[in-house]
Amino acid sequence: MTYSRIAGIGSHLPDKVLTNKGMEAIVETSDEWIRERTGITKRHIAADGEYTSDLGVEAARKAVKHSGMALDDVDLIIVATATPDLTFPATATIVQHKLGIKKGFAFDVHAVCSGFLYALATADSYIRTGQAKCALVIGAETFSRILDWTDRTTCVLFGDGAGAMLLTAEEGDPEEFKGVLKTHLQSDGEFCDLLYVDGGPSRTKTVGHLRMQGNQVFRHAVTKISGAMTTLCEQTGVEIADIDWVVPHQANQRILLGVAKKLGISVDQVVSTVADHGNTSAASIPLAFDAAVQDGRIKRGDTVLMEALGGGFTWGAALARY
């Protein structure tokens, strides 16, 4: 059987760092207030003239280098983003051009914070059906561009960044797969008014700002994410106890801990980078995955469970053997 091997991982953050102390000069808040409610201590902010595609390109280059492959091997690029460079063309095609890749195809996936999982599932499907052999799956965001910097309930949460994963087509027995084992995706538009942006080309002709009912999102996140993780484990026959690492969407430390507690997962097995990055939406899972690979926590052969919930609502989980 053909499956998707995780050949490489990479990430990139803008140089500019905005600490909680720095936030105090922008909006009525405090370092203590932010830490207690979110676990965040700082976030990275893209510079003027630094775009989502630029962050994605840097993460992609690192993933390709880490894999030992070459850019010429890539025949599919999927960029998960809610903050594209332009309404169109797809940011993925801009990334493709900046990387100098001429073959294959590229497109965007828009599922907000769940975007990377949706993109990963899509790339995995293309590889399993033989339509691609080497795929760059990128989560990249410049959420600082859609924040209302007078709203302390949202502007303190988000940051900019990008992460990328390179998948290659491999042949093997399912019991020996080292790559994407299975993904599980869901959505429910009933809750779209709990986390959204109040602008768009069709409705307002503007970009708009992010709006969120935080308490409601928290309640749904813990229930829906843990449900998706449980379903995925049941579908694959993998027990929660057999999971080496959980790499969650880095939304809020309280959500990370809530999901771990609900499923009986040790906090020590949960990769958390939210303190240093804040919520980078579609970029957060590959950013955290890369951090754990770089510091030696995630090793080849480890079983890793990824999960996320985003505006829409969209949510899901992915199980992989790294």
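Using the numbering used here, the letters of the sequence shown correspond one by one to residues 28 to 349. Cβ atoms here follow ideal geometry from the backbone N, Cα and C, with glycine treated the same way.
Based on DSSP bridge pairs, tell me the residues matched to residue i.
i	result
isoleucine 105	Phe134, Val164
aspartate 187	Thr169
valine 297	Val273
glutamate 197	Tyr30
tryptophan 342	Gln213, Leu336
tyrosine 223	Arg238
serine 311	None, per the DSSP bridge assignment.
isoleucine 36	Met192
threonine 330	Arg348
asparagine 306	Phe185
valine 207	Ala347
Where does residue i land, buried or exposed, given buried means 16+ other C-beta within 10 angstroms?
i	result
phenylalanine 340	buried
proline 228	exposed
cysteine 140	buried
phenylalanine 316	buried
valine 44	exposed
glutamate 261	exposed
glutamine 277	buried
cysteine 219	exposed
glutamate 334	buried
lysine 130	exposed
glycine 142	buried
Provide the residue span of the alpha helix (DSSP H) that contains residue i, from first to last.
i	result
methionine 50	47-51
aspartate 123	Note on identity: in this sequence residue 123 is glutamine, with aspartate being the wrong assignment. Here the alpha helix (DSSP H) through glutamine 123 covers 118-125.
threonine 181	179-182
glutamate 59	58-65
Going along the chain, which residues of its own chain have a beta-carbon closer than 7 angstroms to the beta-carbon of residue i, five neighbours each way excluded?
i	result
glycine 285	Val249
valine 84	Val122, Lys125, Leu126
isoleucine 282	Phe245, Ala248, Val249
phenylalanine 204	Tyr30, Arg348
alanine 52	none
Got a sec? Which residues, its chain only, sit under 6 angstroms from residue i by beta carbon, not counting five neighbours each side?
i	result
alanine 159	Asp102, Leu103, Tyr153
threonine 9	The first residue shown for the chain is 28 and the last is 349, placing residue 9 beyond what the model contains.
alanine 15	Here the chain comprises residues numbered 28 to 349, so residue 15 is not present and cannot be evaluated.
threonine 195	Arg32, Ala34, Cys161
valine 207	Ser31, Asp151, Ala347
serine 253	Val286, Lys289, Leu290
Please find out if some non-hydrogen atom of the ligand MG comes closer than 7 angstroms to the beta-carbon of residue i.
i	result
phenylalanine 143	Ligands in the displayed structure: none, and consequently the ligand MG is not present.
Between which two residues does the beta strand (DSSP E) carrying residue i extend?
i	result
isoleucine 154	Where isoleucine 154 is concerned, there is no enclosing beta strand (DSSP E), although the alpha helix (DSSP H) it sits in stretches over 142-155.
histidine 71	69-72
methionine 96	Methionine 96 -> no beta strand (DSSP E), and no H or E assigned at all.
Excluding the five sequence neighbours on either side, which residues of its own chain have a C-beta within less than 8 angstroms of the C-beta of residue i, listed in chain order?
i	result
valine 331	Ile270, Asp271, Trp272, Val273, Val274, Phe316, Ile325, Leu346, Ala347, Arg348, Tyr349
lysine 48	Asp58
tyrosine 145	Ala107, Val136, Ala138, Leu212, Thr341, Gly343
Answer with yes or no whether the minimum CB distance from residue i to chain B is below 8 angstroms.
i	result
aspartate 100	No chain B is part of this structure, which consists of one protein chain only.
Inter-stretch contact (C-beta, 8 angstroms, three-pair minimum) for the stretch 291-302 and the stretch 266-274: yes
Any 3 or more C-beta pairs closer than 8 angstroms across the stretch 325-345 and the stretch 164-182: no
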